[in-house]
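Asks:
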Amino acid sequence: MNGHDLGSRPWVTFDMDNTLIQSPYWRLHFRPWLEAEAQRLGTDYRSLWRHFHQRSEELWRRGRWVDSFDWPAIAEHLGLSRVPEVRVSSPKPVRALVPTGVEAMLWSLRQLNVRLAIVTNGFWAFQYPYLKALGWPYLLDAVITPDRIGAAKPNPAIMVPVSPGLIHVGDRLSHDVLAARRSGRKSALVGPSSEHDHIDPLMPANLEPDWIINDWRHLPQIVASML
Ligand SMILES: [Mg+2]
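Numbering (this note's numbering) for the sequence shown: 74 to 300.
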């Protein structure tokens, strides 16, 4: 352990959807349900999704950040059918959503004197079944979800259980990079995202990540250089 106390190892944290995995809840569970529901109502899923999006933004603007990610509760509010619970019968379709190089990168980080966690705005019941199917609970020291912590990114309160933090890696400026900045850690942005949803009134006009990750092999080098 390089003479370090186990408890002092800093955290390297990741967003889940569109960072480590291509949104399994949306692709394998929620969108198929939305499509069936839309068909039942004689509409299309994109129109139906707009109602979810509107309600979610409304809750967000009222400061109900955690509730804004509670899709089954929003479905109930909209008078729709019940969204069923996630049940993953095979890891295969989940594994197909993991980008090349992600698992090798996580295993490389495991060799370093850091702890690894996912910090997602998706609820535990929507996210953990997919992580379990991938066997990732063995790779990760924690999975942080807003329903369990009572806060959502970019509120830095969600980062408290994973402090001290070295770096947070994610695909959204207004969630991931901002939460990293506010919780006193470095940030890395994955992919081409340049979105500013400005939904957080205190979002700075110019927010830049410390790194942009185009190749997962670079991240262990970046983390090693910070230790
Ligand atoms: Mg994401």
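Backbone N, C-alpha and C define an ideal beta-carbon position, used for all residues, glycine too.
All of these numbers come straight from a predicted model, not from anything done at the bench.
(1) Report whether the distance from the Cβ of Gly243 to the nearest heavy atom of ligand 1 is below 7 Å.
(2) When we look at the beta-carbon of His248 and count the other beta-carbons within 10 Å, is it buried (16 or more) or exposed?
(3) Identify every run of the beta strand (DSSP E) within the region 243-292, keeping only runs that are complete inside it and at least 3 residues long; order them along the chain.
(4) If we define contact as Cβ-Cβ less than 8 Å, is Lys165 a contact residue for chain D?
(5) Any heavy atom of ligand 1 closer than 7 Å to the Cβ of Asn228?
(6) In whole angstroms, give me the CA-to-CA distance for His291 and Thr92.
(7) Grab me the residues of Leu179's own chain with a C-beta within less than 6 Å of its C-beta, minus the 5 sequence neighbours each way, in chain order.
(8) Evaluate contact between the region 103-111 and the region 255-264, counting only Cβ atoms and requiring at least three cross-stretch pairs below 8 Å.
(9) Compare the C-alpha of Gly195 against each of Asp88, Asp273, Leu101 and name the closest.
(10) Rounding to the nearest angstrom, what Cα-Cα distance links Val171 and His150 in this structure?
(11) State the Cα-Cα distance for the pair Asn75 and Gln294, rounded to the nearest angstrom.
(12) Give the DSSP bridge partners of Ala215, in chain order.
Replies: Taking the structure as given:
(1) Residue side-chain check: Gly243 places its Cβ nearer than 7 Å to a non-hydrogen atom of ligand 1.
(2) buried
(3) 259-263, 284-286
(4) Considering every chain present, this structure includes no chain D. It has just one protein chain.
(5) no
(6) Each residue's CA atom was taken as its position, placing His291 and Thr92 some 15 Å apart.
(7) Leu212
(8) no
(9) Asp88
(10) In this structure, the straight-line span from the alpha carbon of Val171 to that of His150 is close to 33 Å.
(11) For Asn75, the predicted model reports a pLDDT of 44, less than 50, meaning its position is unreliable; a value from the coordinates is still stated below. Rounded to the nearest angstrom, the two C-alpha atoms are 18 Å apart.
(12) Ala190
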